[in-house]
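Residue numbers (the numbering used here): 216 to 370.
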DNA sequence: GCCAACGTTGGC
DNA sequence: GCCAACGTTGGC
């Protein structure tokens, strides 16, 4: 089992949106970055766990956890001209983009701020804490996962 | 709102 | 295949 980190803007789709979905489950659509797509397509398996990270907000940080409940399949929003995520280069026979389904698992009582993650020993190698990191899906090592879970207080 | 860093596009 | 221009991300 692997671990991941999913970034999302809470104003667009935050952890509360996910928790409110039927079964707390929704598709992680709209990924339009090849590296992030490849992680989903090639490496994510059902049962993998992930942190939910809020970006582009007052206090960016980790707010809870999710679990992968469906492996990669075509992201249909790329084919929908009315979608924000429409990609004219995507075709039904060549989907170009994929998504996975994730299920809400926990919400932390308090956000674990990026500033704290930066200060925490053992997390120096995380892409998230690197300057200029924009990758929306990051792999997380088992050791990093444990360190971060210890920082968390589950609501 | 600013702006640095990044990924993608497209002309050549 | 290079690389400048562009649009986007995301912390601050």
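Glycine is no exception: its CB is placed at the ideal position from the N, C-alpha and C atoms.
Note that the structure is a prediction, hence the values are computed from the model and not measured.
When the Cα atoms are used, what is the spatial distance from residue 243 to residue 336?
-> 30 Å
CA nearest to the CA of residue 276, picked from 317, 303, 256 and 224 = Closest by C-alpha distance to residue 276, out of 317, 303, 256 and 224, is 224.
Alpha helix (DSSP H) segments (min. 4 residues) lying fully within the segment 280-368 | 329-334 and 357-366
Cα-Cα, which of 345, 219 and 359 is closest to residue 252?
-> 219
Three-state secondary structure (DSSP) at residue 262?
-> coil
Rounded straight-line distance, which links the Cα of residue 305 to that of residue 267 | 27 Å
The alpha helix (DSSP H) spanning residue 254 covers which residue range?
-> Element bounds for residue 254: n/a, residue is neither H nor E.
For residue 227, the three-state DSSP class (helix, strand or coil) = helix
Residue 327 and residue 352: beta carbons closer than 9 Å?
-> In this structure, residue 352 does not lie closer than 9 Å to residue 327 by Cβ.
Could you tell me the distance, in whole angstroms, from the CA atom of residue 360 to the CA atom of residue 289?
-> 28 Å
Residues that residue 220 bridges to, as DSSP identifies them = 266 and 353
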